[in-house]
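Worksheet for the structure shown next.
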Amino acid sequence: GIVIYLLADRSGSMVIVEESVRLALMMIALAAEKAGIPLGMAYFGSSVANEESLTLEVTPIAKRIAEQAKALIAGFRGVTNSEFLHRGLQLAERSLLARPERRKFLLVIHDGQPTSQDFSLSLESLLAMERKGITPIGIFLGENPEDALRQLFPRLVVTEGHQLPEKLGMLFKSLAR
Numbered sequence: 002g003i004v005i006y007l008l009a010d011r012s013g014s015m016v017i018v019e020e021s022v023r024l025a026l027m028m029i030a031l032a033a034e035k036a037g038i039p040l041g042m043a044y045f046g047s048s049v050a051n052e053e054s055l056t057l058e059v060t061p062i063a064k065r066i067a068e069q070a071k072a073l074i075a076g077f078r079g080v081t082n083s084e085f086l087h088r089g090l091q092l093a094e095r096s097l098l099a100r101p102e103r104r105k106f107l108l109v110i111h112d113g114q115p116t117s118q119d120f121s122l123s124l125e126s127l128l129a130m131e132r133k134g135i136t137p138i139g140i141f142l143g144e145n146p147e148d149a150l151r152q153l154f155p156r157l158v159v160t161e162g163h164q165l166p167e168k169l170g171m172l173f174k175s176l177a178r
């Protein structure tokens, strides 16, 4: 009765934690597959100001992670200059609401405050998800998250990049109970 959607920030500031993010993405994907928990993943961000080209869906929600998706995870890079979290949230919400599972979780790996034009749209999306039965959990890479990120994610895991795989593993185990 559980489904998980994982969004990852691919903005350029993620470059310092790329290795940790790749490891965490693969760890979660393989753990979900082994546990039979459907998982979907997407990156959010764009190098252009055109919001229509912002979210790259890595894999649709499925119990098995395709080899192509594993290759995309292995190639994760922080390369964009804009985040546009709300576009990733829209994709995740549509994907999760289409699922029959009772417990729906959204994990968002993010290293800082969303761009100013994106904050209010993202907050609206996250509040709407809560009302629709989706539980969003933010995962902050660093020591001192901005207040804006705390406003977006009342459930916020704060961790250094090198600790991310372990923290995500513990989080994943607690969600699966």
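Residue 2 is where the sequence shown starts when you use my numbering, and the numbers rise one by one after that. We put the beta carbon where it would ideally sit given N, CA and C, even for glycine. Bear in mind the structure is a predicted one, so any value in this text is a computation, not a measurement.
What are the partner residues of residue 42, as DSSP defines its beta bridges? Translated into the one-based positions of the sequence shown, residue 42 becomes position 41. Note: residue 42 sits in a beta bridge opposite 7, 60.
Proximity below 8 Å, CB of residue 74 to CB of residue 127: Counted from its first residue, the sequence shown places residue 74 at position 73. Counted from its first residue, the sequence shown places residue 127 at position 126. Result no, Cβ atoms of residue 74 and residue 127 do not sit closer than 8 Å.
With burial defined as no fewer than 16 other Cβ atoms inside 10 Å of the residue's Cβ, what is the status of residue 162: buried or exposed? The count along the sequence shown starts at 1 and reaches residue 162 at position 161. Burial state of residue 162 is buried, judged by a 10 Å Cβ sphere holding 16 or more other Cβ atoms.
Taking a contact to mean a Cβ-Cβ separation below 8 Å, would you say residue 4 touches residue 29 in this structure? Taking the first residue of the sequence shown as 1, we reach residue 4 at position 3. Taking the first residue of the sequence shown as 1, we reach residue 29 at position 28. The Cβ atoms of residue 4 and residue 29 lie no closer than 8 Å to each other.
With distances taken between CB atoms, is the gap from residue 150 to residue 142 smaller than 8 Å? The residue given as residue 150 occupies position 149 in the sequence shown. The residue given as residue 142 occupies position 141 in the sequence shown. Taking 8 Å as the Cβ cut-off, residue 150 and residue 142 do not qualify as a contacting pair.
Go to residue 105, then tell me how far its beta strand (DSSP E) extends in each direction, as first and last residue. The residue given as residue 105 occupies position 104 in the sequence shown. Start and end: 104 to 111.
Suppose you measure from the CA of residue 165 to the CA of residue 7; what does that come to, to the nearest Å? The residue given as residue 165 occupies position 164 in the sequence shown. The residue given as residue 7 occupies position 6 in the sequence shown. If you take the alpha carbons of residue 165 and residue 7, they lie about 14 Å apart.
Where do the ends of the alpha helix (DSSP H) carrying residue 138 lie? For the purposes of this step, residue 138 is identified with residue 137 of the sequence shown, where counting begins at 1. From DSSP, residue 138 is part of no alpha helix (DSSP H) but of the beta strand (DSSP E) over 135 to 142.
Where residue 103 and residue 63 are concerned, what is the direct C-alpha to C-alpha distance, given to the nearest angstrom? For the purposes of this step, residue 103 is taken as the residue at position 102 of the sequence shown. For the purposes of this step, residue 63 is taken as the residue at position 62 of the sequence shown. Taking the Cα positions, residue 103 is about 16 Å away from residue 63.
State the CB to CB distance for the pair residue 89 and residue 14, rounded to an integer number of angstroms; the pair is presumed to be in contact (CB under 8 Å). Taking the first residue of the sequence shown as position 1, residue 89 is located at position 88. Taking the first residue of the sequence shown as position 1, residue 14 is located at position 13. Residue 14 and residue 89 do not touch by the CB rule: their CB atoms are close to 16 Å apart, not below 8 Å.
If you follow the alpha helix (DSSP H) that residue 22 is part of, which residue opens it and which one closes it? If you number the sequence shown from 1, residue 22 lands on position 21. Residues 19 to 36.
Alpha carbon to alpha carbon, how far is residue 144 from residue 178? One-based indexing of the sequence shown puts residue 144 at position 143. One-based indexing of the sequence shown puts residue 178 at position 177. Near 28 Å, if we compare the C-alpha coordinates of residue 178 and residue 144.
Can you tell me whether DSSP reads residue 158 as helix, strand or coil? Taking the first residue of the sequence shown as 1, we reach residue 158 at position 157. Strand.
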